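Sequential numbering of the sequence shown, starting at 1, is according to the working numbering. Beta carbons are placed, not taken as given, at the ideal position from N, Cα and C, and that holds for glycine. Keep in mind that this is a model prediction, so the values were computed, not measured. Structure first, then comments.
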Amino acid sequence: MAMPQNSTGENGFCFAQTLNFSHPSPPPGEASRTFDAPSGQEPCGTLLSNGTVFSVMSSPSDSCAEPLCSTTPGEEETQLNEGIKFVSTEGEELACGWGGFTPGCLQLFNTSKGVLFFLCVASFLQGMTVNGFINTVITSIERRFDLHSYQSGLIASSYDIAACVCLTFVSYFGGNGHKPRWLGWGVLVMGLGSLLFALPHFTTGQYEARSAAEVGVCGGNQSLPCTQAASSLSSYRFVFMLGQFLHGMGATPLYTLGVTYLDENVKTNYSPVYIAVFYTAAILGPAAGYLVGGMFLNIYTEIGREIDIAPENTLWVGAWWIGFLGAGAASLLISIPILGYPQRLPGSQRYIVMRVSEAHQLKDGSHKKASDPDFGKTVKDLPRSVLLLLKNPTFIFLCLAGATEATLIAGMSTFGPKFLESQFSLSASEAATFFGYLVVPAGGGGTFLGGFLVNKFKLRCSGIIKLCLLCTVSSLLAIFIFFIHCPNMPMAGVTQMYEGSALPGGHLNLTAACNAKCGCLQETYSPVCGSDDIMYYSPCHAGCKEVSENLKNGKKVYHECSCVKKTLLPGPGNAEAGKCTSSCAKRPLLLFFMFVVILFTFLSSIPALTATLRCVSDRQRSFALGIQWIVVRTLGGIPGPIAFGSMIDKSCLLWQDQCGEQGSCYVYQNSAMSRYTLIAGLVYKVLGTTFFIVACLLYKPPPPESAPGSSDASENGNCDLQEHKPPLPAEEDI
Numbered sequence: 001m002a003m004p005q006n007s008t009g010e011n012g013f014c015f016a017q018t019l020n021f022s023h024p025s026p027p028p029g030e031a032s033r034t035f036d037a038p039s040g041q042e043p044c045g046t047l048l049s050n051g052t053v054f055s056v057m058s059s060p061s062d063s064c065a066e067p068l069c070s071t072t073p074g075e076e077e078t079q080l081n082e083g084i085k086f087v088s089t090e091g092e093e094l095a096c097g098w099g100g101f102t103p104g105c106l107q108l109f110n111t112s113k114g115v116l117f118f119l120c121v122a123s124f125l126q127g128m129t130v131n132g133f134i135n136t137v138i139t140s141i142e143r144r145f146d147l148h149s150y151q152s153g154l155i156a157s158s159y160d161i162a163a164c165v166c167l168t169f170v171s172y173f174g175g176n177g178h179k180p181r182w183l184g185w186g187v188l189v190m191g192l193g194s195l196l197f198a199l200p201h202f203t204t205g206q207y208e209a210r211s212a213a214e215v216g217v218c219g220g221n222q223s224l225p226c227t228q229a230a231s232s233l234s235s236y237r238f239v240f241m242l243g244q245f246l247h248g249m250g251a252t253p254l255y256t257l258g259v260t261y262l263d264e265n266v267k268t269n270y271s272p273v274y275i276a277v278f279y280t281a282a283i284l285g286p287a288a289g290y291l292v293g294g295m296f297l298n299i300y301t302e303i304g305r306e307i308d309i310a311p312e313n314t315l316w317v318g319a320w321w322i323g324f325l326g327a328g329a330a331s332l333l334i335s336i337p338i339l340g341y342p343q344r345l346p347g348s349q350r351y352i353v354m355r356v357s358e359a360h361q362l363k364d365g366s367h368k369k370a371s372d373p374d375f376g377k378t379v380k381d382l383p384r385s386v387l388l389l390l391k392n393p394t395f396i397f398l399c400l401a402g403a404t405e406a407t408l409i410a411g412m413s414t415f416g417p418k419f420l421e422s423q424f425s426l427s428a429s430e431a432a433t434f435f436g437y438l439v440v441p442a443g444g445g446g447t448f449l450g451g452f453l454v455n456k457f458k459l460r461c462s463g464i465i466k467l468c469l470l471c472t473v474s475s476l477l478a479i480f481i482f483f484i485h486c487p488n489m490p491m492a493g494v495t496q497m498y499e500g501s502a503l504p505g506g507h508l509n510l511t512a513a514c515n516a517k518c519g520c521l522q523e524t525y526s527p528v529c530g531s532d533d534i535m536y537y538s539p540c541h542a543g544c545k546e547v548s549e550n551l552k553n554g555k556k557v558y559h560e561c562s563c564v565k566k567t568l569l570p571g572p573g574n575a576e577a578g579k580c581t582s583s584c585a586k587r588p589l590l591l592f593f594m595f596v597v598i599l600f601t602f603l604s605s606i607p608a609l610t611a612t613l614r615c616v617s618d619r620q621r622s623f624a625l626g627i628q629w630i631v632v633r634t635l636g637g638i639p640g641p642i643a644f645g646s647m648i649d650k651s652c653l654l655w656q657d658q659c660g661e662q663g664s665c666y667v668y669q670n671s672a673m674s675r676y677t678l679i680a681g682l683v684y685k686v687l688g689t690t691f692f693i694v695a696c697l698l699y700k701p702p703p704p705e706s707a708p709g710s711s712d713a714s715e716n717g718n719c720d721l722q723e724h725k726p727p728l729p730a731e732e733d734i
């Protein structure tokens, strides 16, 4: 028996009427390629009411040697029925450029890889600015502009508020409009937000920091009076909030329209890889923001001015504004090429032709409304579009699962460094560096690996959800590592009495006979490590009277400390600035399993996103991502840090005292911190696992006979790990 002829969707098809596949800038006089039904044969295509051609034909291949509509009597048994939809691009401008300016050299970038590059740069800049620079400089901004913590919290939240406000509008109208223009203008607005964020540095006077070389030693404490009036500089918080609001507005198209634009212009099985690369760039951005922002903070904010205080001093304000100027200028530049891309890339129509619909099938058949080419072009369709998504249980539970994962990610990114700082007795900069070493390979590698696995195993929607479930269960098991913890370093007056005995009833007692005459103030927290390996609240609380500098490491060394006992010789001991080094033997184990938790949490992110794109109709993809982002932010991203912060604050041993008012936490009880982190992690991981299970059980794929191109598993993926192919001729003869 002769083997059936195969043809790829990238070559010709036969029709009842002529189809014209337009190409960018065709040479003059060259006729457009047309595809007609051979004379004397019945057409293999049937024109549907919405203009789509439904074709019953053999499985595609690279050969066009024989007419695609003709079949021999023996071949009919092995013919694979598939419905192919054709999208005409006649009249569309597919050249890259701005208006009538479309030079030939630009067309080299008019590819999916070119779009991916520019979108990766944009997502990298967004991550570096919003999740890197902002988190790095927020303390410096508080100090420079006299802001309270809740005011800086409002600045950080302005980004999410703006995103939630704009998501519905941008995803609905942008999804049916010219996506690159929405993306380009969004990146431009994001750049303007960065420049606005840096503006207060240039509109305020010079920063004056008082010299405080001797502050902290016994008898030398100085403090600003508590009745000091609030500075007028605090009103600049509204400028920062507006800058963050513009950041949120500008980034809204990036993670909704940007994702769907990539998905529409590449092969279906390549889409997860492209999206994974895009999100990996967004994850590497914050890491760069922490590193670059930290470097800028070592430069004094008034560049060129000499100052007698070091970056370690609590009065130091670094050059927080430089990063925003650079990121703003780069965003303005990168928006120009993005604005030049066409609505659809050249050649992308063949991927639309070969796309399989995996949308969840509603019992009442209302999901078919979204297939109408005119659906979603007016505001009148907005309520119906929302209703279709709400009636899709797979989409709803994928959104809820995404919200639980977002809660963990937001909580980990906010309090992960603080957890390491407390458990391993690290400085804030050391903890941030450790956490960066965890997040970059685990977060970036997990994100890329998730997209790679979907592509490698050709997973369809149900298989993708099962992969997400596997990742969530794996991270759920790894999170039990928080059962163990490192012991607190001994701290005089906090974890033990000055003479070494336990504190009665856990009450703080920072005053002892050895420092009673020093007049120490609790507002001045500057921990030192005594030569007896006990930490003290400050040099004053250790009874230190003199200070010098260690030439080897540049740290301050305090002498004549009456509360510090020498181990061998009698008399007062010494103390060095900073916390005592922890020798916790459980550190490698904790770091390894934290790496595993982060890896599997990020590993499910791209598959979950891909499943969301697959379980809704093609015309609803951008809008579905917008709705999902709203759910993820309102239920996960915004309350996540608040939930984790509230849990961790319950483990606080020593609170900051701001003129009688409670400030931030200085010292945590490590055992309680691990216990509360475990509880929060288990709750959200169990919820995420449950939501993925329900989404998988309720998903109802289209029947195979109605799925266009369903036999093309290599192009569209399969929920099984191996594609189904027709039997070979040799097997048939047997």
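Start and end residues, beta strand (DSSP E) containing residue i
{"i": "V528", "result": "V528 to G530"}
{"i": "H559", "result": "K556 to K565"}
{"i": "V547", "result": "E546 to E549"}
{"i": "E499", "result": "Careful: E499 lies outside any beta strand (DSSP E) and carries neither H nor E."}
{"i": "N574", "result": "P572 to A577"}
Own chain partners of residue i with C-beta closer than 6 angstroms, once the 5 adjacent residues on each side are dropped
{"i": "L467", "result": "P607"}
{"i": "Y525", "result": "Y666"}
{"i": "S348", "result": "N265"}
{"i": "L654", "result": "V494, Y666 and V667"}
{"i": "S152", "result": "I138 and E142"}
Beta-carbon spacing of residue i, residue j below 8 angstroms
{"i": "L613", "j": "G450", "result": "no"}
{"i": "Y699", "j": "C471", "result": "no"}
{"i": "E633", "j": "C164", "result": "According to the sequence provided, residue 633 is Arg. The question's Glu does not apply to it. Taking 8 angstroms as the Cβ cut-off, R633 and C164 qualify as a contacting pair."}
{"i": "L167", "j": "G626", "result": "yes"}
{"i": "L389", "j": "F397", "result": "no"}
{"i": "L188", "j": "V239", "result": "no"}
{"i": "L294", "j": "T136", "result": "Reading off the sequence shown, one finds Gly at residue 294, where the question assumed Leu. Yes."}
{"i": "L94", "j": "R344", "result": "yes"}
{"i": "G411", "j": "A672", "result": "no"}
{"i": "A403", "j": "L257", "result": "no"}
{"i": "A585", "j": "K556", "result": "no"}
{"i": "G191", "j": "L339", "result": "no"}
{"i": "K579", "j": "S427", "result": "yes"}
Proximal residues to residue i (C-beta, below 7 angstroms), its chain only, five neighbours per side dropped
{"i": "C561", "result": "G530, A542, G543, C544, P572, G573, N574 and A575"}
{"i": "Y498", "result": "A492, A512, C514 and C563"}
Buried/exposed call for residue i, threshold 16 Cβ in 10 Å
{"i": "K113", "result": "exposed"}
{"i": "R144", "result": "buried"}
{"i": "C540", "result": "buried"}
{"i": "T601", "result": "buried"}
{"i": "Q423", "result": "buried"}
{"i": "E208", "result": "exposed"}
{"i": "M57", "result": "Any reading at M57 must be qualified, since the residue scores a pLDDT of 40, below 50, and its modelled position is unreliable; the value itself is stated next. The residue in question, M57, is buried, as its Cβ has 16 or more Cβ neighbours within 10 Å."}
{"i": "R237", "result": "buried"}
{"i": "D533", "result": "exposed"}
{"i": "W98", "result": "exposed"}
{"i": "S710", "result": "No answer about S710 holds up, because its pLDDT of 38 lies below 50 and its placement is not dependable."}
{"i": "G446", "result": "buried"}
{"i": "P704", "result": "exposed"}
{"i": "L147", "result": "buried"}
Cutoff 8 angstroms: residue i Cβ touching any chain B Cβ
{"i": "T407", "result": "Note that chain B does not occur in the displayed structure, where there is just one protein chain."}
Unbroken alpha helix (DSSP H) run spanning residue i, endpoints
{"i": "E264", "result": "L257 to E264"}
{"i": "N766", "result": "Since the displayed the chain opens at 1 and closes at 734, residue 766 lies outside it and no answer follows."}
{"i": "M412", "result": "P393 to Q423"}
{"i": "T634", "result": "Per DSSP, T634 belongs to no alpha helix (DSSP H) and is neither H nor E."}
{"i": "F593", "result": "R587 to L603"}
{"i": "A695", "result": "N670 to L698"}
{"i": "L388", "result": "D381 to L390"}
{"i": "C615", "result": "C615 -> no alpha helix (DSSP H), and no H or E assigned at all."}
8 angstroms Cβ shell around residue i - same chain, five flanking residues per side excluded
{"i": "L469", "result": "T689, F692, I693 and C696"}
(request) Check whether the segment 319 to 331 touches the segment 189 to 208, counting contact only when three or more Cβ pairs, one atom from each stretch, lie closer than 8 angstroms. (result) Verdict: yes, contact present.
(message) Under 8 angstroms, with one C-beta from each stretch per pair, do the segment 119 to 126 and the segment 275 to 291 reach the 3-pair mark?
(response) Flag = yes, the segment 119 to 126 and the segment 275 to 291 touch.
(message) When you compare the segment 475 to 482 with the segment 588 to 597, are there three or more beta-carbon pairs, one atom per stretch, that lie closer than 8 angstroms?
(response) Two segments are said to touch when three or more pairs of C-beta atoms, one from each, lie closer than 8 angstroms; by this definition the segment 475 to 482 touches the segment 588 to 597.
(message) For the segment 100 to 110 against the segment 255 to 265, do three or more pairs of beta-carbon atoms, one drawn from each stretch, fall closer than 8 angstroms, so that the two count as touching?
(response) Not touching, per the Cβ criterion.
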